[in-house]
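Participant: Below is the structure I would like to discuss, written out as structure tokens.
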Amino acid sequence: ASEQERSDPNGALAYHNTLVDLMAACTEGKNVFTELKCNSLLPLDDIVKVVTDVNCIPEVKMTYVNFVNHCYVDTEVEMKEIYTSPHMWSLFDNFLVDMATMCNT
9 ASEQERSDPN GALAYHNTLV DLMAACTEGK NVFTELKCNS LLPLDDIVKV
59 VTDVNCIPEV KMTYVNFVNH CYVDTEVEMK EIYTSPHMWS LFDNFLVDMA
109 TMCNT
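If you want it as structure tokens, here you go:
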């Protein structure tokens, strides 16, 4: 994303980020029907592709990780398979890269 796209509060990036934030807010409170609907709208596979992309900016990453927490981890119906999912390990690996980058700057 260009600096102009990142700073435009009415741009497509801000709009998209706000929508993902809204879906995360809708899944707070452990509502199984909302969680299932949001799961179908934003699959974990797509989330991992976005978050692990080398060009993903921190604002988007934070929004998507918040969505994962509310829609996939802290859910009404416990999905034990999420804890051993390769998707989750990809996210964790990416977090390690981000932390190492921050420590070295």
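To convert a position in the sequence shown, counted from 1, into the numbering used here, add 8.
Backbone N, C-alpha and C define an ideal beta-carbon position, used for all residues, glycine too.
Could you name the residues of the same chain whose beta carbon sits closer than 8 Å to that of C79, not counting the 5 residues immediately before and after it, in chain order?
Facilitator: Around C79: M31, A32, T35, E43, C46, N47 and L50.
Participant: Tell me the DSSP secondary structure of I90 in three-state form.
Facilitator: Residue state, collapsed to three classes: helix.
Participant: Give every residue of the same chain whose Cβ lies closer than 7 Å to the Cβ of C3, excluding the five residues on either side of it in the sequence, and list them in chain order.
Facilitator: In the structure as shown, the chain starts at 9 and stops at 113, and residue 3 therefore has no counterpart that could be examined.
Participant: For the putative contact between V76 and I55, defined by C-beta atoms under 8 Å, what is the C-beta separation to the nearest angstrom?
Facilitator: Contact flag correct, Cβ pair sits at about 6 Å.
Participant: Round the Cβ separation of L27 and H95 to the nearest angstrom and send it over; I've been treating them as touching at under 8 Å.
Facilitator: In fact, because the Cβ distance is near 21 Å, the residues do not count as touching under 8 Å.
Participant: Check T109 in the structure and name its three-state DSSP category.
Facilitator: T109 falls in the helix class under three-state DSSP.
Participant: Might you give, ordered along the chain, the residues of its own chain that have their beta carbon closer than 7 Å to the beta carbon of D16, omitting 5 neighbours on each side?
Facilitator: Taken in chain order, the residues that qualify are A22.
Participant: Give the straight-line distance between the Cα atoms of M107 and V85, rounded to the nearest whole angstrom.
Facilitator: Going by the C-alpha atoms only, they are around 31 Å apart.
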